[in-house]
Each structure stands twice: as C-alpha cells, then as structure tokens.
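**Q** Residue numbers (UniProt numbering): 1 to 127.
Glycine residues also receive a C-beta, built at the ideal position from the N, C-alpha and C atoms.
Dropping a structure here in structure tokens format, bear with me for questions.
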C-alpha cells in the first residue's frame, strides 16, 4: 500500500530510519525514484538485520515529487517455520512538513518467494 509523506518546499533535511524485527536474515536498500524510471540508491543496511540507522536522505526540495522505494529481502530458510510470521518493519521519516512519521509494512507490500524468502517493497510518495 502506498503511503505519503509531505516534504514541504524548503531545504529542510529529511531523514529515514528502518527497523526490521525478524528471526530471519534481512537486507534493506532504499532508492529515490522519479517518473520515467530514474532511480538513485540512497542507503542500505550494513548488517544481516536489515536495519538502517536514521540518516539524512536529502533535502525536502530534492525529494519532493519522488517516491522512496524501500526494498527488504528476508531469508527465513534458516529458521523454524513457526517463526516465519513474526515480522515487523517500521519506517521512520523526519524533517519535512509532515514532521516525524512512522510507517509500517503492509501485507500488500509483501511477496513470498520460493525457499522461504520474502520480498517487501514499501513505496512512500514524497509530496
């Protein structure tokens, strides 16, 4: 499900943090995407947790009229299947007109792949 964050039109710095709670191995990458297919990699997770510490991702005026595409891949093959449903992802955006806002992953952001893998793609419209 698409969500919206109002950046404003000034030069405030916008920051993003991603928290992933899963028993599996996760990695996360954040892209800024514009119409026409242009994508720019902004940040990615540094370890197997999939988490990204809150960091500046750009100025409000630069991010306005784009989408953040936050892509998390989780490998659950190495854990007990009874733990597969224990998943929570939170996306924290701060610095724009919307202030501090937290988004959760939605069920329609999730794709189940073979061999216990899961792909979560969270689009957030930056207005």
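Buried or exposed, going by whether 16 or more other CB atoms sit within 10 Å of the CB of residue 76?
**A** Taking the first residue of the chain shown as 1, we reach residue 76 at position 76. Per the 10 Å Cβ criterion, buried.
**Q** Pull up the distance between the alpha-carbon of residue 8 and that of residue 93, whole angstroms please.
**A** On the chain shown, residue 8 is found 8 positions in, with the first residue counted as 1. On the chain shown, residue 93 is found 93 positions in, with the first residue counted as 1. Whole-angstrom Cα-Cα distance: 13 angstroms.
**Q** Using the Cα positions of residue 60 and residue 67, report the straight-line distance between them to the nearest angstrom.
**A** Translated into the one-based positions of the chain shown, residue 60 becomes position 60. Translated into the one-based positions of the chain shown, residue 67 becomes position 67. Whole-angstrom Cα-Cα distance: 12 angstroms.
**Q** Residues in its own chain within less than 6 angstroms of residue 40 by CB, not counting five upstream and five downstream?
**A** For the purposes of this step, residue 40 is identified with residue 40 of the chain shown, where counting begins at 1. Result list for residue 40: 32, in chain order.
**Q** Where does residue 87 fall in DSSP's three states?
**A** On the chain shown, position 87 is the one that residue 87 refers to. Looking at residue 87 - three-state DSSP - the assignment turns out to be coil, as it is neither helix nor strand.
**Q** Counting only runs of 4+ residues fully inside the region 19-89, write out the alpha helix (DSSP H) ranges in chain order.
**A** List check, alpha helix (DSSP H) in window: 60-63.
**Q** Residue 117 lies in the beta strand (DSSP E); which residues open and close that run?
**A** Walking along the chain shown from the start, residue 117 turns up at place 117. 117-126 is the extent of the beta strand (DSSP E) around residue 117.
**Q** Who pairs with residue 15 in a beta bridge, going by DSSP?
**A** Position 15 of the chain shown, counted from the first residue, corresponds to residue 15. 56, 94, per the DSSP bridge assignment.
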